[in-house]
Amino acid sequence: MRLAPLPADQWDDTARKALSAMRDADTNHALSTLAHHPALAKAFLRFNIHLLTSSTLPPRIRELAILRVAHRRNCAYEWSHHVSMAKAEGITEDEIAAVRSFAGEDAGGLDEFDRAVIAGVDELEENSQLSDETWAALGERLNDQQRMDFVFTVGCYALLAMAFNTFGVQLENADQEH
Numbered sequence: 001m002r003l004a005p006l007p008a009d010q011w012d013d014t015a016r017k018a019l020s021a022m023r024d025a026d027t028n029h030a031l032s033t034l035a036h037h038p039a040l041a042k043a044f045l046r047f048n049i050h051l052l053t054s055s056t057l058p059p060r061i062r063e064l065a066i067l068r069v070a071h072r073r074n075c076a077y078e079w080s081h082h083v084s085m086a087k088a089e090g091i092t093e094d095e096i097a098a099v100r101s102f103a104g105e106d107a108g109g110l111d112e113f114d115r116a117v118i119a120g121v122d123e124l125e126e127n128s129q130l131s132d133e134t135w136a137a138l139g140e141r142l143n144d145q146q147r148m149d150f151v152f153t154v155g156c157y158a159l160l161a162m163a164f165n166t167f168g169v170q171l172e173n174a175d176q177e178h
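FYI, the numbering for the sequence shown is 1 to 178, going by full-length UniProt numbering.
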């Protein structure tokens, strides 16, 4: 662990203010780690909260995309936290397993649109853009704003995975799902 979570009793007023909108910030390792840099935390969390609460992207699609990013980036922290969120959005264990094992058309548990979502994450990760084919496939159910939110969600969670992995953010509980 390169940056240990900063205990809440060591937060200055700037850190407290930056993290005040976040539930359980004092016990969440990711947020407690961001407390080391309150100005960055405040700026970034505003964007991240938008993606989680105000985005036009349907929550189920958001969670499928985040899980794929977490898997591709080998980010146990992000994966663990978003498995529970995915389940809350009705994503099944089989679908979660398929997100991990996705290999194109052979993706048991995922329908055609879900496969386009996962392929979209893979394209953004590999090429920093969506192919015309995937853009059109996503357009079958998503409007332009939703597709924009999709791209920004993938980018945001790729950034978070890089940060969590680089800083060595650990799961809060050893029994959390990996």
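Where is the CB? At the ideal position from N, CA and C, for every residue including glycine. Remember, it's a predicted structure, so these values are computed and weren't measured experimentally.
Please tell me whether VAL154 and LEU124 are closer than 8 Å, where the distance is taken between their beta carbons. yes
Give the straight-line distance between the Cα atoms of LEU31 and ALA76, rounded to the nearest whole angstrom. 16 Å
Would you report the Cα separation of ALA8 and LEU159, rounded to the nearest angstrom? 24 Å
Cβ-Cβ separation, GLU172 to HIS29 (assumed contact under 8 Å), whole Å: 6 Å
Segment contact, 8 Å Cβ cut-off, at least three pairs: the stretch 88 to 101 with the stretch 53 to 64: yes
Since I believe ARG60 is in contact with GLY90 (beta carbons under 8 Å), could you give me their beta-carbon distance rounded to a whole number of angstroms? 6 Å
Taking the alpha-carbon of ALA43 as reference, which of LYS17, ALA86, LEU57 has the nearest alpha-carbon? LYS17
Please report how far the alpha carbon of CYS156 lies from the alpha carbon of GLY168, in whole angstroms. 18 Å
Rounded separation between LEU142 and ILE118 - CA only: 14 Å
Can you tell me the Cα-Cα spacing of HIS71 and GLU126, whole angstroms? 14 Å
Contact under 8 Å by Cβ, LEU57 with ASP149: yes
Quick one: measure Cβ to Cβ for LEU19 and ALA41, integer angstroms, because I've assumed they're closer than 8 Å. 6 Å
Can you have a look at ARG147 and say buried or exposed, based on whether 16 or more other CB atoms are within 10 angstroms of its CB? buried
Which class does LEU40 belong to by DSSP, given the choice of helix, strand or coil? helix
Please identify the residue among TRP11, GLU133, ALA15 whose C-alpha is closest to the C-alpha of ALA39. ALA15
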